[in-house]
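Engineer:
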Amino acid sequence: MVAIKLLGISATPIKGGNCDALVQEALKTAQGLGDVDTEFVTLADKEVAMCRHCQWCIQNRAPCKIEDDYHSIVNQILGSDGLILGAPTWSMTLSPPLLNLWSRFRYFNFFTADLRNKVVGALTLGWFGFGMDKALDVIETLAGISMMLPVARAGAVVSTAAFGQRAAYMEHGVLDDTLGMARVRAVAERVVEVARMIKYAKEAGIMPPPDQLVTLTGAHLKPAGKKVFIDGVWRDKE
136 MVAIKLLGIS ATPIKGGNCD ALVQEALKTA QGLGDVDTEF VTLADKEVAM
186 CRHCQWCIQN RAPCKIEDDY HSIVNQILGS DGLILGAPTW SMTLSPPLLN
236 LWSRFRYFNF FTADLRNKVV GALTLGWFGF GMDKALDVIE TLAGISMMLP
286 VARAGAVVST AAFGQRAAYM EHGVLDDTLG MARVRAVAER VVEVARMIKY
336 AKEAGIMPPP DQLVTLTGAH LKPAGKKVFI DGVWRDKE
């Protein structure tokens, strides 16, 4: 069996809360399938600024210069074969923490294939299910921008009202949403399945060569030495 590594990111400001539990349960399921190494990171205790759009990463063809926890998280992402991305649904859409993290990926999205084909499972949670599909759409859009492969999604209920009131049967919050958690576990299983296939293909050498890879915009990836920065744009050297 192909051994893989999964990283679970809980993009929430609440440490030890429902979102952390949701992602950890998915990782537990993945680990139980065998030959799956897992890591977990919560953004609740991390400092991750949003992109300032200063263009430094573009002009210098280098990762974001802002010094915060973004860099350690990116290193964890780069070292993984697949991701479980979990984030709460707020105001009928995705909450800000994951958006802030992804806003800092411009260097990787434009100049590298480092994030390409990493397999992604999207998870969200919220009250009574409102807005969850929209939040999941956004997570999958973020993954697609980075040329990742979103393969499964799930949402789970944590309360029956916006101010956090739980139903009597939800003593343990999101973990007591039986149907929602069954779907979360199915997401983990699907991510493991596809991540194994992608890694097998890479190790077998049947992926496209680097000179055939293109970014989301259709541009071919080229070494910095073959490009020149003119008027805010990287152009081919004459």
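Following my numbering, the numbering of the sequence shown begins with 136 at its first residue and continues without gaps. C-beta atoms are modelled at their ideal positions from N, C-alpha and C, and glycine is treated no differently. Please read all numbers here as calculations on a predicted model, not as lab measurements.
(1) Taking contact to mean at least 3 C-beta pairs separated by less than 8 Å, is the region 186-196 in contact with the region 222-231?
(2) For the candidate residues 334, 348, 345 and 339, whose alpha-carbon lies nearest to that of residue 171?
(3) Where residue 211 and residue 179 are concerned, what is the direct C-alpha to C-alpha distance, given to the nearest angstrom?
(4) Below 8 Å on the Cβ atoms is my contact criterion, and I expect residue 351 with residue 280 to pass it. Report the Cβ-Cβ distance as a whole number of Å.
(5) Over the uninterrupted beta strand (DSSP E) stretch that includes residue 202, give me the two end residues.
(6) Is it the case that the Cβ atoms of residue 266 and residue 292 are separated by a distance below 8 Å?
(7) Under 8 Å by Cβ, that's how I've got residue 233 and residue 158 pegged, so tell me the actual separation to the nearest angstrom.
(8) Please classify residue 142 as buried or exposed, where buried requires at least 16 neighbouring CB atoms within 10 angstroms.
(9) Relative to the alpha-carbon of residue 283, which residue among 356, 169, 176 and 326 has its alpha-carbon at the smallest distance?
(10) Cβ of residue 202 less than 8 Å from any chain D Cβ?
(11) Can you find at least 3 beta carbon pairs, one from the region 313-325 and one from the region 270-277, that sit closer than 8 Å?
(12) Under the three-state reduction of DSSP, which class applies to residue 230: helix, strand or coil?
(13) Apart from the five residues just before and just after residue 216, which ones in its own chain have a Cβ nearer than 6 Å to its Cβ?
(14) Compute the beta-carbon to beta-carbon distance between residue 348 and residue 288, rounded to the nearest angstrom, for a pair I have assumed lies under 8 Å.
(15) What's the C-alpha gap between residue 167 and residue 195?
(16) Pick out the complete alpha helix (DSSP H) segments inside the region 237-269, 4 residues or longer, and give them in chain order.
(17) Which residue comes first and which comes last in the beta strand (DSSP E) that contains residue 327?
(18) Could you say which of 339, 307, 328 and 355 lies nearest to residue 253 if we only look at CA atoms?
(19) Answer yes or no: do residue 153 and residue 309 have a C-beta to C-beta separation smaller than 8 Å?
(20) Which one of 136, 146 and 151 has the shortest CA to CA distance from residue 307?
Structural biologist: This is what the structure holds:
(1) no
(2) 334
(3) 16 Å
(4) 6 Å
(5) It is not in any beta strand (DSSP E) - residue 202 carries neither H nor E in the DSSP assignment.
(6) no
(7) For residue 233 against residue 158, the beta-carbon gap comes to about 12 Å, at or over 8 Å, which does not count as contact.
(8) The residue in question, residue 142, is buried, as its Cβ has 16 or more Cβ neighbours within 10 Å.
(9) The residue from 356, 169, 176 and 326 with its alpha-carbon nearest to that of residue 283 is 326.
(10) Looking for chain D here will not work: only one protein chain is present.
(11) no
(12) It is coil, neither helix nor strand.
(13) Beyond the five residues adjoining it in sequence on each side, residue 216 comes within less than 6 Å, by CB distance, of 139, 140, 330 and 334 in the same chain, given in chain order.
(14) Actually they do not touch by this definition, with Cβ atoms about 26 Å apart.
(15) 43 Å
(16) 241-246
(17) Not the beta strand (DSSP E): residue 327 falls in the alpha helix (DSSP H), residues 313-338.
(18) 328
(19) yes
(20) 151
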